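Beneath this line is the structure, given in structure tokens, with notes to follow.
Here it is, written out as structure tokens:
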């Protein structure tokens with residue numbers, strides 16, 4: 249038997265090469281189909297986001313107003329004492345001899361004039377100013393929007409295997425209730441949820457109060473299967 253001629257036979261080499269190629273193609277197809285199925289399962293997971301808002305505590309009652317001071321009116325001045333007026337001197341009647349009869353008419357006492365000054369007007373009552381309203385906090389917590397849009401769970405966080413997150417943000421609100429700026433205070437984990445929170449809160453609408461203020465909002469993300 250000529251073994252050298254069998255080793256140089258091209259038919260034997262072609263069959264071996266074909267077998268190796270088919271084996272590698274099967275292994276590659278199994279790997280690609282398995283990875284594609286897992287990626288589709290991860291992307292099809294439901295995305296939920298929960299907004300937790302802090303309940304705003306009621307403002308403290310205003311302090312009671314101080315008691316009003318009663319202003320007593322001064323007593324009216326007593327009437328001036330009447331001066332003593334002595335009775336007029338009446339001369340004794342002169343006995344006249346008849347037939348002359350003389351009648352003496354007494355003179356009336358002189359009239360006395362008295363000037364009575366009116367009492368001073370009473371002082372006006374003291375009006376107490378109403379108590380000032382309590383000062384509003386610099387940053388309001390637990391504010392409720394009129395219209396809102398929930399943030400979307402980021403796909404980058406899904407691909408990174410992050411199933412929950414928390415973001416604390418502050419929003420600047422103008423006189424008409426529009427959000428003018430969103431500031432991220434803290435994020436856990438960082439660099440995954442900030443963009444989604446900033447995009448959603450910028451579209452919120454609050455009740456117009458005629459003045460600008462700052463509100464604080466906490467957003468919690470949860471990925472459920």
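Numbering (my numbering), first residue to last: 249 to 473. Glycine included, C-beta positions come from ideal geometry on N, C-alpha and C. Keep in mind the model is a prediction, meaning the values are calculated, not measured.
Its chain contains 418, 462, 463 and 464 as the residues whose beta carbon lies nearer than 8 Å to that of residue 387, once the 5 sequence neighbours on both sides are disregarded; these appear in chain order. Looking at the DSSP output, residue 436 sits in a beta bridge with 414. When C-beta atoms of the region 365 to 379 are compared with those of the region 401 to 411, fewer than three pairs fall below 8 Å, so the two segments do not count as touching.
Residue state for residue 400 is assigned as coil, using DSSP reduced to three classes. Residue 433 is positioned such that its CB atom lies no closer than 9 Å to that of residue 451. Closest by C-alpha distance to residue 410, out of 307, 369, 390 and 470, is 470.
Taking residue 421 as reference, the option from 401, 455 and 448 with the minimal CA-CA separation is 455. DSSP, read as helix, strand or coil, puts residue 376 in coil.
For a cut-off of 8 Å, the C-beta gap from residue 430 to residue 399 is around 11 Å, too long to register as a contact. Residue environment analysis places residue 393 among the buried positions, since at least 16 neighbouring C-beta atoms fall within 10 angstroms of its C-beta. Taking the Cβ atoms as the reference, residue 378 lies roughly 12 Å from residue 311, outside the contact range of under 8 Å.
Rounded to whole angstroms, the separation of the alpha carbons of residue 281 and residue 265 is 25 Å. DSSP places residue 388 inside the beta strand (DSSP E), whose first and last residues are 387 to 389. Per DSSP, residue 394 is not a residue of any alpha helix (DSSP H), being assigned neither H nor E.
Relative to residue 467, the option among 396, 269, 425 and 268 whose CA is nearest is 396.
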